[in-house]
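From first to last, the protein sequence lines stand for chains A and B.
Quick note: the first sequence uses numbering that gives the first Met the number 0, first residue 0, plus one each step.
Quick note: the second sequence uses numbering that gives the first Met the number 0, first residue 0, plus one each step.
Ideal Cβ placement from N, Cα and C applies to all residues, glycine included.
Computed from a predicted model, the values in this text were never measured in an experiment.
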Amino acid sequence: MSLFVIGISVIGLLFVFFLAGLEIGVAMGLAGFIGFSAAVGVEPALNLVAKDIYSVFSSYGFTVIPLFVLMGQVGSSGGVARKLYDATYKFIGHIPGGLALGTVGAATAFKAICGSAPATAATFATIAVPEMDRYNYDRKLSCGTVATVGTLGIIIPPSVVLIIYGILTETSIGKLFLAGIIPGLIVAVSFLLTIVVWCAYNPKLGPKGEKSTWKERIASLPPLLWVFIIFAVVVGGLMQGFFTPTEAGSVGTFAVIILTLMQKEMSVARYIQAVAGTLRIACMVLILIAGATILGHFFAVTRTPYVVAEWLTHLNVDRSVIILLIIAIYLIGGSFIEHLAFLILATPIFLPVVLKLGYDPVWFGVIVGVVTMIGVILPPLGINVFVVSGVTGEPAARVYRGAYRYLIGLSICLLILIYFPEISLWLPNQFIK
Amino acid sequence: MTILSSVSRVLARFMYVVAGIALTACVFLTVCDVLLRLFKHPIIGTYELVGLLGAVVVGFSLPETSRLNGHVFMHFLTDRLSDSVKGVLRVLTRILAIGMFLIIAWNLMLMGHDFQVTGETTATLQLPFFPVCYGIAVCCFVECLVLFVEIFKKGETQS
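Structure (structure tokens):
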């Protein structure tokens, strides 16, 4: 059997494992092991499995993942998100749809310390939805907004998705973080515009809230300031080469612990809750990466990604068509397999294509991030929708109906970012040579 | 089965606590290193220690994450199947996962043994690799136990 035939057979086997309900990380590892045994031999495959697992688990580089996740979990447990929401709500809560606009503002600020989309969605579902209920906001607007704003963290640094992409593709995490800032803000503006237009069209969806005094508004600002300082230290230190990404994650976590202790919002029980949540997410992600590493070594032997790259680059079409095709594969794949799992599975296959077409891997990281943002609110596997549905008790279908409205803006942003790569690359090119 | 279930739960939770302590240690060790570096007295070998602690964080949280159903699955097809077919697939996939983790555990034991025999250590602190290697192998064995218990637990729920 030729290596290419083995490669294709293993991809088929992999999807059988996925469909049967095997854990995706385990499925990738097992398919990679079987394929490597067939291509090279059982003895080398046994050695490969142990070596890959040990090297992924004990890699200094991968410790960045639990540390940045912990930073966000501590921020969630320590009430940082609530304070940010209070601040934005005091400024714009009194205009139509103001509480939803405030949610977008607070989530954008909260993303500066929390890199997990479902964690943000869960946090704001707990904080913002009851508040919007109080002012008779339509649940379609409140739940849809909360599910969607959770996705902002996928490209606004420090994003766990960009960290994983950076590790997988050996791209500078500092550059990726900088590249995500402007696109993240553009997407946030698209969310704000969606709410404004939606509420102008149907004012009953988001009635006005109470108007705060300027004294109350100014008093609510310090938490915003602290989050900005922590963000500046973490991303600035990383960018200047003062920290490694792992150190940036640790310093950020430590700073958030100190902040929440000063605000008397942190207790031992809350810290334990944050650590427990972190371990579960970190283990889930690293098992995916370990499985993908084993599968990746098998693909390297069969040269499958290079065959795919050769085939795609020889298609007689413009390179932007190929990129759109790859994006479509990410969207469709991410709708059926969990978005992060698909990113880990697909990126090593498509990166050679992207590089061969002459695109910048930093730009592609941002594009993959925006595609992932769409993926986490697209059925049937929109994880953020399920998180919000679980927290608020609202049926997932209704949350989906609210979240759909944001897809228009997100899709426009995606197209702008595809055709104007300078938007993503301007900041990293200014600061990192 | 109840005893096996209790044993797996206690072991998984104990390992989760160890992983949590390792994660906290990672944070404080790195922060101390960064602070001391400002005064030109970095903690020697932090890089190696954090790598090894990272292995403890991930390896030791594995059984409890599985017990809490924390891994990523694709439910797209299985949700549409009848309970009996779902049950059969669940048993089959648990067996496959147990097989995979047994392979990993056994080969990590062999790798740990090699590290022990050859005396391989980290470059700066001369810390031996084998205890962490054996540790992850033990976690994988506990993971097998958790997966084994899961077969019967789900069966019980169904009946």
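- Scanning its chain for C-beta atoms nearer than 6 Å, with the 5 sequence neighbours on each side dropped, one finds around I256 (chain A) the residues V73, in chain order.
- V384 (chain A) is a Cβ neighbour of I376 (chain A), given a cutoff of 8 Å.
- Using a Cβ distance threshold of 8 Å, A281 (chain A) and V56 (chain B) count as a contacting pair.
- Counting only the Cα atoms, P347 (chain A) lies some 51 Å from S211 (chain A).
- Residues are counted here when their Cβ sits less than 7 Å from a Cβ of chain B; for the segment 56 to 88 of chain A these are F56, S57, S58, Y59, F61, T62, P65, L66, L69, given in chain order.
- In the structure shown, the three-state DSSP call for P127 (chain B) is strand.
- Under DSSP, T45 (chain B) shares a beta bridge with no residue.
- Those residues of the segment 245 to 257 of chain A placed with their C-beta closer than 7 Å to a C-beta in chain B are T245, E246, S249, V250, T252, F253, ordered along the chain.
- Under the DSSP assignment, H70 (chain B) falls outside any alpha helix (DSSP H); it carries neither an H nor an E label.
- Here I163 (chain A) really is in contact with I64 (chain A); their C-beta atoms are around 7 Å apart, less than 8 Å.
- What M238 (chain A) touches in chain B, judged by beta-carbon distance under 9 Å, is nothing: the nearest beta carbon there is about 15 Å away.
- Think of a sphere of 7 Å around the beta carbon of R79 (chain B): no beta carbon from chain A falls inside it, the nearest being about 11 Å out.
- Chain-order list of chain A residues neighbouring T29 (chain B): T245, E246, S249, by C-beta distance under 7 Å.
- Counting other Cβ atoms within 10 Å of its Cβ, E169 (chain A) stays below 16 and is therefore classed as exposed.
- Between V300 (chain A) and L2 (chain A), the C-beta spacing is below 8 Å.
- F419 (chain A) counts as exposed, since fewer than 16 other beta carbons sit within 10 angstroms of its beta carbon.
- Interface annotation, I150 (chain B): not in contact with chain A, CB-CB separation never under 8 Å.
- In the three-state scheme derived from DSSP, where H, G and I count as helix and E and B as strand, T120 (chain B) is classed as strand.
- For V57 (chain B), the residues of chain A that pass the 7 Å Cβ criterion are F56, A281, C282, L285, in the order they occur in the chain.
- Sequence-distant partners of G333 (chain A) (beyond 5 residues in either direction) whose C-beta falls short of 6 Å from its own C-beta, in its chain, are F341, G374.
- Counting only residues of its own chain and dropping the five nearest sequence neighbours on each side, L311 (chain A) has a CB closer than 7 Å to the CB of I321, V352.
- In this structure, the CA atom of C25 (chain B) is about 19 Å from the CA atom of T259 (chain A).
- The beta-carbon of I52 (chain A) is placed less than 8 Å from the nearest beta-carbon of chain B.
- When the Cα atoms are used, K203 (chain A) and Y136 (chain A) turn out to be separated by approximately 8 Å.
- Contact residues of the segment 10 to 38 of chain A toward chain B are F16, F17, L18, A19, G20, L21, E22, I23, G24, V25, G28, L29, F32 (C-beta to C-beta distance below 8 Å).
- For the set A:W213, A:I185, A:R269, the Cα lying nearest the Cα of F90 (chain A) is the one of A:W213.
- The DSSP-derived three-state label of N201 (chain A) is coil.
- Comparing alpha-carbon positions, the option among B:Y133, B:I94, B:L144 lying closest to S57 (chain A) turns out to be B:Y133.
- The beta carbons of L424 (chain A) and V361 (chain A) sit closer together than 8 Å.
- Between M99 (chain B) and V25 (chain A), the gap from beta carbon to beta carbon is short of 8 Å.
- Secondary structure of G248 (chain A) (DSSP, three-state): helix.
- In this structure, the alpha-carbon of A30 (chain A) lies about 8 Å from that of I10 (chain A).
- The beta carbons of T62 (chain A) and T252 (chain A) sit about 12 Å from each other, so the pair does not count as a contact at 8 Å.
- In this structure, L51 (chain B) sits away from I42 (chain B), with a CB-CB distance that is not shorter than 8 Å.
- For R318 (chain A), the secondary structure class from DSSP, reduced to helix, strand or coil, is helix.
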